[in-house]
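Q: Everything in the sequence shown is counted per the working numbering, starting at 292 for the first residue and increasing by one.
Idealized CB from N, CA, C, for every residue including glycine.
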Amino acid sequence: MTPTTPDHLVTRFAPSPTGHLHIGGARTALFCWAFARSHRDARGRPGRFMLRIEDTDAARSSDESARGILEDLAWLGIDWDDGPSLHYQGRTIGGDERHVGPFFQAQRRDTYDRYIRQLVEQERAYPAFERAEELDAKRREATAKKQTYRYDRAALSIPLPDRLRRMASGEPHVVRLRAPDDALVVHDEVLGDVTYAAGEMDDFVIRKADGFPTYHFAVVVDDELMGVTHVLRAQEHLNNTPRHVALQRALGFRTPVYGHMPIIMNMDGSKMSKRDKARAARKAAKDAMAKDPKMTAELLADSTALDVATVNGFLAAESDAVETAELFGRHFGVALPEVEIWDFRRSGYLPEAIVNFVALLGWNPGMKTADGKDLEKFDAAFLAERFSMDRIGRGNSKFDRSKLLNFNAAAIGGLSDEQFARRWLEWMLEHEAEAHRVVSKLPHDRLLLLARALKPRAKTFREALRSAAFVFTSDEGFPMDMAAVGKHLLANDKAGVGVLREFKPRLAAMADWSPEAITGALEGFAKEKGMPNPGSIAQPLRVALTGSGVSPGLGETMAVLGRESSLRRIERCVAELGA
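(1) Per DSSP, what are the beta-bridge partners of R467 in this structure?
(2) Excluding the 5 residues flanking N655 on each side, which residues of the same chain have their C-beta closer than 8 Å to its C-beta?
(3) Taking one C-beta from the region 492-512 and one from the region 555-572 each time, how about it: are there three or more such pairs within less than 8 Å?
(4) According to DSSP, what are the bridge partners of M552?
(5) Determine whether the beta carbon atoms of E847 and P796 lie at a separation below 8 Å.
(6) S758 and R748 - do their beta-carbons sit closer together than 8 Å?
(7) Which of the three DSSP states is assigned to H861 in this structure?
(8) Whole beta strand (DSSP E) runs in the region 609-639 with 3 or more residues, listed along the chain?
(9) How do the region 353-367 and the region 407-419 stand: do at least 3 beta-carbon pairs fall below 8 Å, yes or no?
(10) Would the beta-carbon of A951 fall within 8 Å of that of E643?
(11) Give me, in chain order, the residues of the same chain whose beta-carbon lies closer than 7 Å to that of F623; leave out the 5 immediate sequence neighbours on both sides.
(12) Could you check what DSSP says for H299 in three-state terms: helix, strand or coil?
(13) Using 10 angstroms around the beta-carbon of A350, count the other beta-carbons present and answer buried if the total reaches 16, otherwise exposed.
(14) Taking the DSSP output, what are the residues bridged to K659?
(15) According to the Cβ coordinates, are I632 and A317 closer than 8 Å?
(16) Shortest alpha-carbon distance to A829 belongs to which of M341, L798, D803?
(17) Tell me whether W654 sits in a helix, a strand or coil according to DSSP, three-state version.
(18) Report the option in V646, L791, G789, S857 whose CA atom is closest to the CA atom of W804.
(19) Go through the region 330-410 residue by residue and report every complete run of the beta strand (DSSP E) that reaches 3 residues or more, in order.
(20) When the Cα of G392 is compared with those of V519, L523, R859, which residue comes out closest?
(21) Using the beta-carbon count (16 or more within 10 Å), is L451 buried or exposed?
(22) Check the C-beta distance from V548 over to H521 and give it rounded, since I have them as a contact under 8 Å.
(23) Report the residue from K820, A775, F340 whose alpha carbon sits nearest the alpha carbon of L832.
(24) Hey, quick one: how far does the beta strand (DSSP E) through D479 stretch, first residue to last?
(25) Mind pulling the alpha helix (DSSP H) runs of 4 or more residues that sit fully within the region 806-864?
(26) Check this for me: beta carbons of F648 and L695, under 8 Å apart or not?
(27) What residue from E345, G704, D348, C323 has the CA that sits closest to P916's CA?
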């Protein structure tokens, strides 16, 4: 494969397959996708968005993670033109129309080795044969002198023919780039010109001892061979850019246009990362242990099926393993912060709400609404039409979870009852199979009634599921909130039970069991009995039907349960509490 001369715009997203897609990675992918979609060349062709999997870290990469990232992107509606093929919900995404693959770096080692050999033969790079302990000793010596360690180029004292011979013999080594001695100026479309002083760059490793290229080398070679013209990524990669430019110059490659986006921060100013889960789980564990001195690491290990060393390491913040954090979260009943796209999927967010919210993390459409406020609500098509790098800000972005939740509630509220029911069922099928089994058996008209009841109150699909708990219980055995029972049924000499006993025959005689008819009967009964408001009958009825003082509208709740189930629940309540 030879370097390309791209004749139209190509962006790329290149995640490492070491877990699910982080929200920051989703933003990078979204901005790259939107930038490609917003541009057309002289022949009217849109730019191309490419997905590449950077799996050169063999110890941490997995096929499962790679597929998870692809599915997270597809769920968001971020389709790639070039990249691994994915069959998702009836459509195929990706492919290699331009014949620039393969798109997994682990499959491209021969290509990297060829360019490494070229650099070594041209003496722009060189093998270094020091053992790890030799380098460690030099680092300690530099530290003792309060100096910054830089590789001393000792390997350059070896004549080139000997270097090549020792490399070919299989002697363990790394390969280092011979860093330029002059200053580097990198133009960034977001940050402007960024200057790196002469001599600031060390001779960094471009191929590791295991034979795999480093991230820096592989990404530069791939961007060139795959025709990438524009690189959009987070500002945390800014310090990588001079190394990449140095490599491009050494290899004779062009330099893509760079744009570095603001870092995503939590509202408290800390960087948003997967470690947020570990911090929340660790705090829950330590709080519980402080309250209960009998709770030890050994007991935690037994109850979470972890070994004691893992538990102690996690508690001491020596490990932030997501798997351990989630085990602790489940054990202590703590909801961990959503950080990865999978977390938001599992919590019941809509992809369009995520896309809308994430688009505002560092980008501003620069438009006002009719009432003069900044435009914030828009869809992916709007973003693809109007995206430009000059609207990307320089300052860090704050991830406001309350705002995202409001975005999601608005997106749910904008669905029709039919759409809500269909998408809620799809979510349950993926994340709550037992709930799906029950709800999918509801007659369609009652399913739509349930959707109508849940939709105004639900900020997520999971919240809707919690509100629909009454659907999943038997008429005889569902638990009751005793505080609600005491307040609405047993107070004032069991006044609530008496109201239920009196109202039940009227319900049993109703011919029309629609939500409107049920609501009318409730209001009529309250008025007839001189009750100050319908709550005097509604709350006892709500507790009898659902076991809780909070539920969707009673008309819809009873219509979803049906006449027989509703009357049985009232009978049970009166029989158990009326004696």
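A: Reading from the atomic positions:
(1) Y417, V496
(2) D665, R682, G684, listed in sequence order.
(3) no
(4) Bridge partners of M552: A525.
(5) no
(6) yes
(7) Reading off the sequence, residue 861 comes out as Ile, not His. Helix, per DSSP.
(8) none
(9) no
(10) Since the first residue shown for the chain is 292 and the last is 870, residue 951 is missing from the structure and cannot be characterised.
(11) A575, A576, A579
(12) Residue state, collapsed to three classes: coil.
(13) exposed
(14) D665
(15) yes
(16) With respect to the C-alpha of A829, the residue from M341, L798, D803 having the closest C-alpha is L798.
(17) Strand.
(18) S857
(19) 339-342, 374-379, 382-386, all fully within the region 330-410.
(20) V519
(21) exposed
(22) 5 Å
(23) A775
(24) 475-479
(25) Within the region 806-864, the complete alpha helix (DSSP H) runs of at least 4 residues fall at 806-819, 826-837, 845-852.
(26) yes
(27) Residue coverage of the chain in this structure runs from 292 to 870, which leaves residue 916 outside it and unanswerable.
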